[in-house]
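Remarks on the structure that follows.
Numbering (UniProt numbering), first residue to last: 1 to 241.
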(Lines of atoms letter the chains of each structure in order from A; the text may use other names.)
(Lines give C-alpha, C1' and ligand atoms only; values in the text may rest on other atoms or scores of the structure.)
Protein backbone atom coordinates (compact mmCIF):
# COMPACT_ATOMS: atom_id res chain seq x y z
CA UNK A 1 0.00 0.00 0.00
CA UNK A 2 1.30 3.48 -0.89
CA UNK A 3 0.56 6.49 1.38
CA UNK A 4 -0.42 9.82 -0.25
CA UNK A 5 0.48 13.31 1.04
CA UNK A 6 -2.97 13.59 2.68
CA UNK A 7 -2.31 10.48 4.74
CA UNK A 8 -4.65 8.15 2.84
CA UNK A 9 -3.42 4.88 1.50
CA UNK A 10 -3.67 3.78 -2.12
CA UNK A 11 -3.24 0.24 -3.44
CA UNK A 12 0.13 -0.37 -5.07
CA UNK A 13 -0.26 -1.24 -8.72
CA UNK A 14 1.54 -4.34 -9.85
CA UNK A 15 3.58 -4.00 -13.03
CA UNK A 16 1.65 -5.30 -16.00
CA UNK A 17 3.14 -8.46 -17.45
CA UNK A 18 3.33 -8.33 -21.22
CA UNK A 19 1.51 -11.27 -22.77
CA UNK A 20 3.61 -13.40 -25.05
CA UNK A 21 2.07 -14.03 -28.45
CA UNK A 22 2.74 -16.88 -30.87
CA UNK A 23 5.12 -14.75 -32.91
CA UNK A 24 7.26 -14.20 -29.80
CA UNK A 25 7.65 -17.99 -29.53
CA UNK A 26 8.49 -18.29 -33.22
CA UNK A 27 11.08 -15.53 -32.87
CA UNK A 28 12.67 -17.28 -29.87
CA UNK A 29 12.88 -20.53 -31.84
CA UNK A 30 14.35 -18.67 -34.83
CA UNK A 31 17.01 -16.99 -32.67
CA UNK A 32 18.00 -20.26 -31.00
CA UNK A 33 18.21 -22.08 -34.32
CA UNK A 34 20.13 -19.27 -36.02
CA UNK A 35 22.79 -19.39 -33.31
CA UNK A 36 23.18 -23.14 -33.83
CA UNK A 37 23.13 -22.89 -37.63
CA UNK A 38 23.78 -19.41 -39.18
CA UNK A 39 22.67 -20.64 -42.63
CA UNK A 40 19.05 -21.08 -41.50
CA UNK A 41 17.86 -17.49 -42.32
CA UNK A 42 19.28 -17.68 -45.85
CA UNK A 43 17.74 -21.07 -46.53
CA UNK A 44 14.37 -19.83 -45.26
CA UNK A 45 14.65 -16.77 -47.51
CA UNK A 46 15.50 -19.01 -50.49
CA UNK A 47 12.48 -21.20 -49.77
CA UNK A 48 10.23 -18.13 -49.69
CA UNK A 49 11.65 -16.71 -52.94
CA UNK A 50 11.44 -20.04 -54.78
CA UNK A 51 7.86 -20.67 -53.64
CA UNK A 52 6.78 -17.14 -54.57
CA UNK A 53 8.52 -17.41 -57.95
CA UNK A 54 6.98 -20.80 -58.67
CA UNK A 55 3.54 -19.50 -57.76
CA UNK A 56 3.95 -16.49 -60.03
CA UNK A 57 5.25 -18.63 -62.92
CA UNK A 58 2.39 -21.12 -62.66
CA UNK A 59 -0.10 -18.26 -62.44
CA UNK A 60 1.44 -16.57 -65.48
CA UNK A 61 0.83 -19.69 -67.57
CA UNK A 62 -2.88 -19.11 -67.03
CA UNK A 63 -2.57 -15.32 -67.29
CA UNK A 64 -3.01 -15.07 -63.52
CA UNK A 65 0.51 -14.09 -62.42
CA UNK A 66 -0.49 -11.86 -59.46
CA UNK A 67 -2.94 -14.49 -58.23
CA UNK A 68 -0.21 -17.13 -58.39
CA UNK A 69 2.09 -14.84 -56.41
CA UNK A 70 -0.68 -14.37 -53.85
CA UNK A 71 -0.76 -18.16 -53.39
CA UNK A 72 3.01 -18.66 -53.56
CA UNK A 73 4.00 -16.26 -50.77
CA UNK A 74 1.86 -17.90 -48.02
CA UNK A 75 3.00 -21.30 -49.25
CA UNK A 76 6.61 -20.17 -49.00
CA UNK A 77 6.05 -18.90 -45.46
CA UNK A 78 4.51 -22.25 -44.50
CA UNK A 79 7.38 -24.25 -46.01
CA UNK A 80 9.98 -21.98 -44.39
CA UNK A 81 8.27 -22.44 -41.02
CA UNK A 82 8.26 -26.22 -41.41
CA UNK A 83 11.95 -26.08 -42.29
CA UNK A 84 12.62 -23.92 -39.20
CA UNK A 85 10.74 -26.42 -37.02
CA UNK A 86 12.86 -29.33 -38.25
CA UNK A 87 16.12 -27.44 -37.85
CA UNK A 88 15.07 -26.26 -34.37
CA UNK A 89 14.41 -29.84 -33.32
CA UNK A 90 17.81 -30.90 -34.67
CA UNK A 91 19.51 -28.04 -32.79
CA UNK A 92 17.72 -29.02 -29.57
CA UNK A 93 18.88 -32.63 -29.87
CA UNK A 94 22.42 -31.46 -30.62
CA UNK A 95 22.46 -29.43 -27.41
CA UNK A 96 21.21 -32.46 -25.45
CA UNK A 97 23.44 -35.14 -26.95
CA UNK A 98 26.15 -36.22 -24.55
CA UNK A 99 24.44 -34.82 -21.47
CA UNK A 100 23.46 -37.21 -18.66
CA UNK A 101 19.74 -37.95 -18.87
CA UNK A 102 19.34 -36.85 -22.50
CA UNK A 103 17.36 -40.02 -23.25
CA UNK A 104 14.70 -38.93 -20.75
CA UNK A 105 14.02 -35.79 -22.81
CA UNK A 106 13.91 -37.81 -26.03
CA UNK A 107 11.41 -40.27 -24.54
CA UNK A 108 9.29 -37.30 -23.48
CA UNK A 109 8.31 -36.83 -27.13
CA UNK A 110 6.28 -40.07 -26.97
CA UNK A 111 2.77 -38.82 -26.30
CA UNK A 112 0.54 -41.81 -25.70
CA UNK A 113 0.43 -45.57 -25.28
CA UNK A 114 3.56 -45.80 -23.14
CA UNK A 115 4.36 -45.59 -19.44
CA UNK A 116 7.81 -44.01 -19.19
CA UNK A 117 9.93 -43.56 -16.07
CA UNK A 118 11.34 -40.03 -15.95
CA UNK A 119 14.10 -41.13 -13.56
CA UNK A 120 16.68 -43.78 -14.55
CA UNK A 121 16.04 -47.28 -13.25
CA UNK A 122 19.77 -48.03 -13.12
CA UNK A 123 22.91 -45.94 -13.10
CA UNK A 124 26.67 -46.43 -13.06
CA UNK A 125 27.88 -43.60 -10.84
CA UNK A 126 31.45 -43.61 -12.14
CA UNK A 127 30.64 -43.27 -15.85
CA UNK A 128 27.17 -41.70 -15.37
CA UNK A 129 25.74 -44.35 -17.66
CA UNK A 130 21.99 -44.68 -17.14
CA UNK A 131 19.15 -46.97 -18.11
CA UNK A 132 15.60 -45.73 -18.66
CA UNK A 133 12.47 -47.84 -18.87
CA UNK A 134 9.42 -47.60 -21.12
CA UNK A 135 6.46 -49.98 -20.91
CA UNK A 136 3.93 -50.32 -23.70
CA UNK A 137 2.06 -52.86 -25.79
CA UNK A 138 5.35 -54.24 -27.26
CA UNK A 139 6.48 -55.07 -23.72
CA UNK A 140 9.27 -53.57 -21.63
CA UNK A 141 11.94 -51.49 -23.34
CA UNK A 142 15.16 -50.57 -21.55
CA UNK A 143 17.20 -47.76 -23.10
CA UNK A 144 20.86 -47.16 -22.28
CA UNK A 145 22.19 -43.60 -22.02
CA UNK A 146 25.84 -42.50 -22.04
CA UNK A 147 29.03 -44.33 -21.23
CA UNK A 148 30.64 -47.03 -23.36
CA UNK A 149 28.88 -49.83 -25.20
CA UNK A 150 30.16 -52.34 -22.66
CA UNK A 151 28.82 -50.47 -19.64
CA UNK A 152 25.47 -49.86 -21.34
CA UNK A 153 25.16 -53.54 -22.23
CA UNK A 154 26.02 -54.64 -18.68
CA UNK A 155 23.41 -52.35 -17.14
CA UNK A 156 20.79 -53.29 -19.74
CA UNK A 157 21.30 -57.01 -19.20
CA UNK A 158 21.05 -56.49 -15.46
CA UNK A 159 17.68 -54.75 -15.85
CA UNK A 160 16.49 -57.47 -18.22
CA UNK A 161 17.16 -60.11 -15.57
CA UNK A 162 15.47 -58.09 -12.83
CA UNK A 163 12.37 -57.52 -14.96
CA UNK A 164 12.20 -61.15 -16.09
CA UNK A 165 11.94 -62.29 -12.48
CA UNK A 166 8.78 -60.22 -11.97
CA UNK A 167 7.22 -60.53 -15.45
CA UNK A 168 8.76 -63.68 -16.93
CA UNK A 169 6.46 -63.98 -19.95
CA UNK A 170 6.68 -60.35 -21.10
CA UNK A 171 8.91 -59.39 -24.08
CA UNK A 172 11.92 -57.28 -23.08
CA UNK A 173 13.74 -55.09 -25.61
CA UNK A 174 17.14 -53.46 -25.14
CA UNK A 175 18.24 -50.29 -26.94
CA UNK A 176 21.68 -48.71 -26.76
CA UNK A 177 22.00 -45.04 -27.64
CA UNK A 178 25.04 -43.43 -29.21
CA UNK A 179 26.82 -42.93 -32.51
CA UNK A 180 28.66 -46.25 -32.69
CA UNK A 181 27.62 -49.14 -34.92
CA UNK A 182 24.56 -50.92 -33.57
CA UNK A 183 23.53 -47.98 -31.40
CA UNK A 184 20.59 -45.62 -31.93
CA UNK A 185 21.30 -41.87 -32.24
CA UNK A 186 19.46 -39.69 -29.73
CA UNK A 187 17.09 -38.09 -32.29
CA UNK A 188 15.87 -41.56 -33.33
CA UNK A 189 15.37 -43.02 -29.85
CA UNK A 190 11.63 -42.30 -29.68
CA UNK A 191 11.12 -43.83 -33.14
CA UNK A 192 13.10 -46.94 -32.17
CA UNK A 193 10.91 -47.42 -29.10
CA UNK A 194 7.61 -46.89 -30.90
CA UNK A 195 8.40 -49.15 -33.87
CA UNK A 196 8.36 -52.28 -31.68
CA UNK A 197 5.35 -54.48 -32.48
CA UNK A 198 2.53 -54.48 -29.94
CA UNK A 199 1.62 -57.78 -28.30
CA UNK A 200 0.02 -56.80 -24.98
CA UNK A 201 -3.38 -55.38 -24.08
CA UNK A 202 -3.72 -52.02 -22.27
CA UNK A 203 -4.80 -53.90 -19.13
CA UNK A 204 -1.65 -56.04 -19.26
CA UNK A 205 0.49 -52.92 -19.74
CA UNK A 206 -1.04 -51.38 -16.62
CA UNK A 207 -0.45 -54.53 -14.58
CA UNK A 208 3.18 -54.85 -15.76
CA UNK A 209 3.82 -51.20 -14.94
CA UNK A 210 2.46 -51.74 -11.44
CA UNK A 211 4.70 -54.75 -10.87
CA UNK A 212 7.88 -53.16 -12.20
CA UNK A 213 7.41 -50.04 -10.09
CA UNK A 214 8.31 -52.31 -7.16
CA UNK A 215 11.85 -52.40 -8.57
CA UNK A 216 12.15 -48.68 -7.84
CA UNK A 217 14.40 -46.23 -9.64
CA UNK A 218 17.91 -44.91 -9.29
CA UNK A 219 18.02 -42.21 -6.63
CA UNK A 220 20.14 -39.77 -8.60
CA UNK A 221 18.02 -37.04 -10.23
CA UNK A 222 18.34 -36.44 -13.95
CA UNK A 223 19.52 -32.94 -14.91
CA UNK A 224 16.85 -31.00 -16.76
CA UNK A 225 17.81 -30.45 -20.36
CA UNK A 226 16.24 -28.83 -23.39
CA UNK A 227 13.04 -30.59 -24.35
CA UNK A 228 13.05 -30.96 -28.14
CA UNK A 229 9.26 -30.84 -28.22
CA UNK A 230 9.31 -27.30 -26.83
CA UNK A 231 11.58 -26.00 -29.55
CA UNK A 232 8.90 -26.14 -32.23
CA UNK A 233 6.81 -23.14 -33.29
CA UNK A 234 3.31 -22.98 -31.86
CA UNK A 235 1.39 -24.07 -34.96
CA UNK A 236 -1.99 -23.60 -33.30
CA UNK A 237 -1.08 -20.04 -32.43
CA UNK A 238 0.11 -19.42 -35.97
CA UNK A 239 -3.33 -20.33 -37.25
CA UNK A 240 -4.87 -17.80 -34.88
CA UNK A 241 -6.49 -18.39 -31.52
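C-beta atoms are modelled at their ideal positions from N, C-alpha and C, and glycine is treated no differently. Since the structure is predicted, the reported quantities are computational estimates derived from the model, not experimental observations.
Residues near residue 227 by beta carbon distance below 7 Å, same chain, minus five either side: Any reading at residue 227 is ruled out, since the residue's pLDDT is 49, under 50, leaving its predicted position unreliable.
Close-in-space but distant-in-sequence residues of the same chain around residue 236 (CB under 6 Å, 5 per side omitted): With a pLDDT of only 47 at residue 236, under 50, the local geometry of the prediction cannot be trusted, and the value read off the model is given with reservation. Cβ contact annotation for residue 236 (same chain, cutoff 6 Å, sequence separation greater than five): none.
Integer Cβ distance of residue 77 from residue 68, believed to fall under 8 Å: Rounded, the Cβ-Cβ distance is 15 Å, inconsistent with contact.
Residue nearest to residue 137 in terms of C-alpha spacing, selected from 81, 113, 118, 86: For the residues 81, 113, 118, 86, the minimum Cα distance to residue 137 belongs to 113.
Which listed residue (186, 25, 153) has its alpha carbon closest to that of residue 123: 153
Could you check whether the stretch 157-166 touches the stretch 78-85, counting it as contact only if at least three pairs of C-beta atoms, one from each stretch, sit closer than 8 Å? no
Roughly how many whole angstroms lie between the Cα atoms of residue 204 and residue 130? Taking the Cα positions, residue 204 is about 26 Å away from residue 130.
Name the DSSP bridge partner or partners of residue 45? The partner list for residue 45 (beta bridge, DSSP) is empty, contrary to what the question assumes.
List, from N- to C-terminal side, the alpha helix (DSSP H) runs of 4 residues or more that fit wholly inside the stretch 67-144. 102-107
In terms of residues, what are the limits of the alpha helix (DSSP H) holding residue 212? 202-212
Determine which residues share a DSSP beta bridge with residue 174 and list them. 142
Residue(s) in a DSSP beta bridge with residue 29: DSSP lists no partner for residue 29.
Looking only at C-alpha atoms, which of 197, 100, 135, 92 sits nearest to residue 111? When each option's Cα is compared against that of residue 111, the closest is 135.
Using 7 Å as the threshold, is the C-beta distance between residue 139 and residue 171 below it? yes
Where DSSP assigns a beta bridge to residue 184, which residues make up the other side? The beta-bridge partner set that DSSP reports for residue 184 consists of 177.
Distance between residue 27 and residue 21 (C-alpha atoms, nearest Å): 10 Å
Suppose the cutoff is 8 Å on Cβ atoms and the five residues either side in sequence are ignored; what does the same chain contact list for residue 212 look like? The residues are 133, 135, 140, 163, 166, 167.
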